[in-house]
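Contents: one structure, followed by commentary.
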Amino acid sequence: MHSSVSAILTPSNWPFSLEWLPQPAYMVGGAVRDAILGRTREYWDLDFVIPSDAVKVARAIAKHYQAGFVLLDAERKIARVVFPQATADFAQQEGNSIEIDLHRRDFTINAIAYNPHTQEIIDPLQGCADLQQGLLRMISPANLKDDPLRLMRAYRQAAQLSFKIEPTTQATICALASSITTVAAERVRTEIGYLLASPQGTPWLANAGKDGLLTDLFKNATGESFEKLAAVDTAAAILAPQFGTELQQYVRDTVKTTWLGIAKLACLVHPHPEVAEIELQELTYSRAEIRAVMTALKLFPQLKSSNKSIREQYLLFQEAGNVFPTIVLLAVAQDTLVEAISGDKSLLVYSPLVSRYLNPDDLVAHPTQLVSGKDLMVALKIPASPVVGELLTEIAIAQAEGKVATAEAAIEFARQILEN
354 MHSSVSAILT PSNWPFSLEW LPQPAYMVGG AVRDAILGRT REYWDLDFVI PSDAVKVARA
414 IAKHYQAGFV LLDAERKIAR VVFPQATADF AQQEGNSIEI DLHRRDFTIN AIAYNPHTQE
474 IIDPLQGCAD LQQGLLRMIS PANLKDDPLR LMRAYRQAAQ LSFKIEPTTQ ATICALASSI
534 TTVAAERVRT EIGYLLASPQ GTPWLANAGK DGLLTDLFKN ATGESFEKLA AVDTAAAILA
594 PQFGTELQQY VRDTVKTTWL GIAKLACLVH PHPEVAEIEL QELTYSRAEI RAVMTALKLF
654 PQLKSSNKSI REQYLLFQEA GNVFPTIVLL AVAQDTLVEA ISGDKSLLVY SPLVSRYLNP
714 DDLVAHPTQL VSGKDLMVAL KIPASPVVGE LLTEIAIAQA EGKVATAEAA IEFARQILEN
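So for the sequence shown, the numbering used here puts the first residue at 354; every next one is plus one.
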């Protein structure tokens with residue numbers, strides 16, 4: 354095993370030369386874990402522990418290679434060097450030896466070090482054995498208590514690695530679950546984000562809920578909420594031909610929240626948009642994420658009413674915007690879970706609206722502006738006011754209905770509205 358690990362972690366794969374590291378220096382964390390598992394990665398996320406001068410070493414490497422430098426924690430002496438295809442974190446060793454440092458970590462699989470100078474693996478807690486068995490085992494309850502975010506991280510790592518959480522570790526997490534409230538909301542949100550982003554995370558998010566970790570974060574989440582998460586994954590697979598790309602895209606101005614993640618978030622919060630807004634604000638979600646969840650919660654019940662007029666369809670698309678695929682996703686998930694309608698049959702109900710959305714030339718879903726507000730004010734000699742916006746909406750609906758098709762006809766249509 355050691356030779357294969359050395360081959361993956363060889364300094365020739367690093368973005369900097371080994372000579373910049375003092376002796377001793379140790380590589381730790383995900384890169385070592387993945388190397389032992391035989392996994393290679395395109396983007397290197399390297400973590401080094403150095404007995405002294407960690408920040409000084411990082412600064413020197415960044416300067417020499419003209420890479421980015423970030424001081425992550427001045428007190429604990431942790432710095433990051435950012436390369437085009439890698440990041441390298443340098444941390445000061447805790448305690449007088451690497452073994453003491455490793456004993457302070459969260460799980461045994463993360464308490465393995467590799468000395469690139471000697472090609473030696475240091476594994477005082479039998480983390481390699483747990484890696485081979487696919488087990489996530491705590492080092493001690495005290496270590497989890499020291500940083501309760503580690504409780505949530507257990508579920509994220511189990512999902513990412515397809516591991517099981519060792520029973521005593523899971524029991525300890527349950528006992529300490531309430532302490533998650535002492536962690537900054539944005540740190541917890543990041544861990545939840547990983548679990549929301551992929552189908553592999555769904556059962557582990559449900560487990561975290563069952564084990565009490567989400568009780569104070571999502572106060573309205575129930576057993577049914579977690580069943581909905583799985584239904585969303587099923588619906589996403591059904592909708593993959595139509596919306597596969599859109600649902601995997603990130604919401605603008607967010608840190609790696611996908612539209613699929615927004616749909617799942619909508620399952621965990623209160624069904625009333627205004628109450629959900631407060632919940633999400635407390636968890637420090639961004640305005641874009643909150644707005645997306647609120648729009649989805651508000652509009653997905655409307656999707657169910659059939660025989661919508663062109664006006665109703667137009668207004669729905671205008672309010673939904675790019676949240677529309679997420680709204681359809683929630684509707685299909687709800688149908689399959691609550692009403693036991695097969696996903697394919699459910700999709701048939703929404704297919705007229707879906708077809709409009711997918712057609713860039715459809716004037717109901719994607720109207721083109723025949724005239725501007727300024728055009729109306731000049732032609733009709735009216736001042737700037739909310740009336741101008743109302744007229745533009747009526748023109749767009751008339752265009753979708755096939756009543757107007759030119760700028761001249763649009764202005765005449767607006768004139769008639771004013772006269773009546």
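All residues carry an ideal CB built from backbone N, CA and C; glycine is no exception.
Pairing L613 with Y638, the inter-Cα distance amounts to about 16 Å. The residues F571, A574, S578, in chain order, have a CB closer than 6 Å to that of L621 in the same chain once the five nearest residues on each side in sequence are set aside.
Within the DSSP bridge table, the entry for F460 names M491 as partners.
Judged by DSSP in its simplified three-state form, A427 adopts coil rather than helix or strand. Judged by DSSP secondary structure, W397 falls within the beta strand (DSSP E) whose first and last residues are 397–403. For E754, the three-state secondary structure derived from DSSP is coil. E544: member of the alpha helix (DSSP H) spanning 538–549, first to last residue. About 5 Å separates the beta carbon of I526 from that of L504, a gap short enough to meet the 8 Å contact definition.
Contact fails between the segment 443–460 and the segment 386–395, because fewer than three Cβ pairs, one in each stretch, are under 8 Å apart. Per the coordinates, the alpha-carbon of V410 lies some 10 Å from the alpha-carbon of R433. Its chain contains A751, A763, F766 as the residues whose beta carbon lies nearer than 6 Å to that of V757, once the 5 sequence neighbours on both sides are disregarded; these appear in chain order. For A511, the three-state secondary structure derived from DSSP is helix. For A673, the closest alpha carbon among the candidates Q687, T759, L656, V685 is that of L656. Of the candidates P501, S370, L484, A749, L484 places its Cα closest to the Cα of L514. Considering only A749, Y703, I465, the residue with the shortest C-alpha distance to P654 is Y703. Remark: C-beta atoms of A589 and L600 approach each other more closely than 8 Å. With a beta-carbon spacing of about 16 Å, K651 and P678 fall beyond the 8 Å limit used to define contacts.
Going by C-alpha positions, T598 is about 20 Å away from D714.
For I735, the CB contacts under 8 Å within the same chain, skipping 5 residues up- and downstream, are L729, V741, L771 in chain order. Check the Cα spacing between A537 and each of R640, P501, Q510, T522: the tightest is with P501.
One Cα belongs to L529, the other to E665, and the distance between them is close to 50 Å. About 7 Å separates the beta carbons of S370 and P364, which is inside the 8 Å limit, making them a contact pair. Where Y418 is concerned, the enclosing alpha helix (DSSP H) starts and stops at 407–418. In the three-state DSSP reduction, T393 falls in the coil class, being neither helix nor strand. Of the other Cβ atoms in all chains shown, fewer than 16 fall within 10 Å of the Cβ of A524; this residue is therefore exposed.
Around E754, the same chain offers I663 as residues with beta carbons nearer than 6 Å, after the five sequence neighbours per side are excluded. Per DSSP, the continuous beta strand (DSSP E) segment holding I474 begins and ends at 473–475. Excluding five sequence positions before and after T461, the CB atoms of its chain that fall closer than 7 Å to its own CB belong to L478, Q479, G480, D483, R490, I492, given in chain order. For F596, the enclosing alpha helix (DSSP H) begins and ends at 593–601. When secondary structure is reduced to three states using DSSP, F443 falls in the strand class.
Taking one beta carbon from each stretch, the segment 376–383 and the segment 464–473 have 3 or more pairs nearer than 8 Å; the two touch.
Under the DSSP assignment, N468 falls in the beta strand (DSSP E) whose first and last residues are 466–468. By the C-beta density criterion, Q595 is buried, having at least 16 other C-beta atoms within 10 angstroms. In this chain, the beta strand (DSSP E) harbouring Y379 covers 379–381.
S659 sits exposed, since fewer than 16 C-beta atoms from the chains shown fall within 10 Å of its C-beta. Taking the CA atoms as reference points, A732 sits about 17 Å from N773.
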